[in-house]
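Okay, so here's the structure we're looking at.
Here it is in structure tokens:
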């Protein structure tokens, strides 16, 4: 569980009561369930068997590599930040000049634990360690519930328990960004992609796994939010709400401070709660370590970048530098007295467009054009600034705009791409212009697929660059020593090369002004089929005939025949 879910459930309960907690918990669970449901469809719709999702992700992730990496690093950062800021800072295990050193050591230990568990348990074995952690977590929750006296101190408040305490953005200012960010967020999370790929490899249902996981996540959020409500009901006032530099009051550490005030630090109740927090964070860090190791390693292996090649592979493919970055940002955030919301802003604005486009590229064919990196970065940067202004000034309209603007832009990209305009607006003009080329008009006037009876040897010798015999383009060459094997027969691999050479001359004859760099056509070789009847030998004359067999407004299928002496 990210620090985002772990402590923000407390803040949402403080700000808006039960409706705030459910507003946060339900989209969280639904986002995970939808991710599992849709990735199952992706896995089943692509070839490759148990590796289909892995093969798909290799191609899918290429244009999103930076976004995927930043998303994961920020997720790990806010997780470590939240645990240190809302558990270890209130604990105040030391004071004075040593406090900074104390925080550095705490961050180091947390990250080292994540690296240790991640290195010890790979993706194939992590389910065993997480099962054990889950049992300990369940024991902690049970112990805490049994220790609450009374279990229900007051009626649960649907609205904010202390409405005058929260002066920040309104309920609806949170509702839309949270819903959008949590529903699309998992599509940029490397941990979820790696888990889904591994689940599919193990012949287990991704859909059922994520429905089960989403349910567990919902219950954990519900427990922590209800525990925060219990504390507020028990004390009757938000004693732990602290005013930050933005003028708003935050209560992420409300439960932590309650246990510190009312129990000895070595008591069983505080220890159970602190263990609960630590396990939730550790189960995120070890998974993040494994995901980064997998992602960085696979990309370094495939990279042809010269600058990356200058850095030793063990360094650039290791998650440890990324974890060091996480630690540095965490300490910087604590020093600057930031709150969790300042990290979360990116998930409700900056990453929304990338995540939405990632979903579109999984299911919408027209979104497969190259990713407009500069435009996407510009839109993401603009949306996060708008969202930040809206948050700091409690402007609901700006919050909605900052969150929805990337979605609208992605919809425009998907449904108004260059490919779509060519197909719908320019197709008629292109085909009419092409029809005026004499060679194409002569060849395609009555072209039909050939049958066996249509196979006929060429009639005459031809010019150096080939010639036409009706609708057929004919070209001959002589097989030499370089084309044959040790017994003098032409290699089977040479026949496609003979056809390819003839096809190039055919294109040159029919479209002499064709420029591959500037054309709006897609040049594809979908398949190549040839039936080998007999072998040609050295110094045989090889003659290839090519013509257009089938065509429509989008695709043209060529057919060929090969003859020897």
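In the working numbering, the protein residues as written are 466 to 1030. Glycine residues also receive a C-beta, built at the ideal position from the N, C-alpha and C atoms.
Got a sec, what are the start and stop residues for the beta strand (DSSP E) residue i sits in?
| i | result |
| --- | --- |
| residue 1046 | The chain is shown from 466 up to 1030; residue 1046 falls before or after that span and cannot be answered. |
| residue 869 | No beta strand (DSSP E) contains residue 869, which is instead part of the alpha helix (DSSP H) from 861 to 880. |
| residue 1012 | 1006 to 1016 |
| residue 934 | 932 to 934 |
| residue 667 | Run containing residue 667: none; DSSP gives neither H nor E here. |
With hydrogens ignored, establish whether the beta-carbon of residue i is closer than 6 Å to any heavy atom of the ligand HEM.
| i | result |
| --- | --- |
| residue 931 | Annotation note on the ligand HEM: not contained in the displayed structure, which lists no ligands. |
Once DSSP output is grouped into helix, strand and coil, what is the label at residue i?
| i | result |
| --- | --- |
| residue 677 | helix |
| residue 954 | strand |
| residue 937 | strand |
| residue 714 | strand |
| residue 595 | helix |
| residue 516 | helix |
| residue 588 | coil |
| residue 609 | helix |
| residue 729 | coil |
| residue 700 | helix |
| residue 799 | helix |
| residue 773 | helix |
| residue 708 | strand |
| residue 542 | helix |
| residue 477 | helix |
| residue 672 | helix |
| residue 614 | coil |
| residue 554 | helix |
| residue 630 | coil |
| residue 984 | coil |
| residue 913 | Only weak support is given to the placement of residue 913: the predicted model assigns it a pLDDT of 48, under 50, and the value that follows is read from those uncertain coordinates. If DSSP states are grouped into helix, strand and coil, residue 913 belongs with coil. |
| residue 804 | coil |
Could you say which of the options lies nearest to residue i if we only look at CA atoms?
| i | options | result |
| --- | --- | --- |
| residue 1109 | 488, 956, 700 and 828 | The chain is shown from 466 up to 1030; residue 1109 falls before or after that span and cannot be answered. |
| residue 934 | 943, 944 and 921 | 921 |
| residue 490 | 684, 627, 536 and 541 | 684 |
| residue 633 | 477, 582 and 793 | 477 |
| residue 529 | 510, 474, 810 and 818 | 818 |
| residue 1031 | 486, 816 and 1020 | Given that the chain is displayed from residue 466 to residue 1030, the structure contains no residue 1031 and the question cannot be resolved. |
| residue 1024 | 493, 938, 536 and 687 | 938 |
| residue 497 | 752, 571 and 658 | 658 |
| residue 668 | 810, 517, 649 and 736 | 517 |
| residue 585 | 534, 677 and 758 | 758 |
| residue 1028 | 965, 850 and 960 | 960 |
| residue 824 | 474, 525 and 495 | 525 |
| residue 575 | 746, 499 and 628 | 746 |
| residue 779 | 656, 763, 855 and 699 | 763 |
| residue 672 | 868, 501, 971 and 869 | 501 |
| residue 1013 | 1000, 741 and 975 | 975 |
Grab the span of the alpha helix (DSSP H) containing residue i for me, first residue to last.
| i | result |
| --- | --- |
| residue 564 | 563 to 585 |
| residue 841 | 838 to 857 |
| residue 969 | 959 to 975 |
| residue 784 | First-last for residue 784: undefined, no H or E at that position. |
| residue 642 | 636 to 649 |
| residue 820 | 815 to 828 |
Counting C-beta neighbours from all protein chains within 10 Å, is the total for residue i 16 or more, i.e. buried, or is it exposed?
| i | result |
| --- | --- |
| residue 1032 | Since the first and last residues shown for the chain are 466 and 1030, residue 1032 lies out of range. |
| residue 876 | exposed |
| residue 873 | exposed |
| residue 911 | At residue 911, the pLDDT of 45 sits below 50, so the modelled position is not reliable; the number obtained from the coordinates is stated separately. Flag for residue 911 reads exposed. |
| residue 978 | exposed |
| residue 479 | buried |
| residue 984 | exposed |
| residue 670 | exposed |
| residue 913 | Any answer about residue 913 is weak, because its pLDDT of 48 lies below 50 and its placement is not dependable; what the coordinates show is given next. With fewer than 16 other Cβ atoms within 10 Å, it is exposed. |
| residue 714 | buried |
| residue 798 | buried |
| residue 1010 | buried |
| residue 505 | buried |
| residue 472 | buried |
| residue 706 | buried |
| residue 697 | buried |
| residue 767 | exposed |
| residue 1026 | buried |
| residue 593 | exposed |
| residue 952 | exposed |
| residue 956 | exposed |
| residue 515 | exposed |
| residue 806 | buried |
Just grab the DSSP bridge partners of residue i for me.
| i | result |
| --- | --- |
| residue 1027 | 1009 |
| residue 943 | 1006 |
| residue 1021 | 1016 |
| residue 949 | 955 |
Please confirm if residue i has its CB atom under 7 Å from at least one CB of chain B.
| i | result |
| --- | --- |
| residue 665 | The structure shown has no chain B; it contains just one protein chain. |
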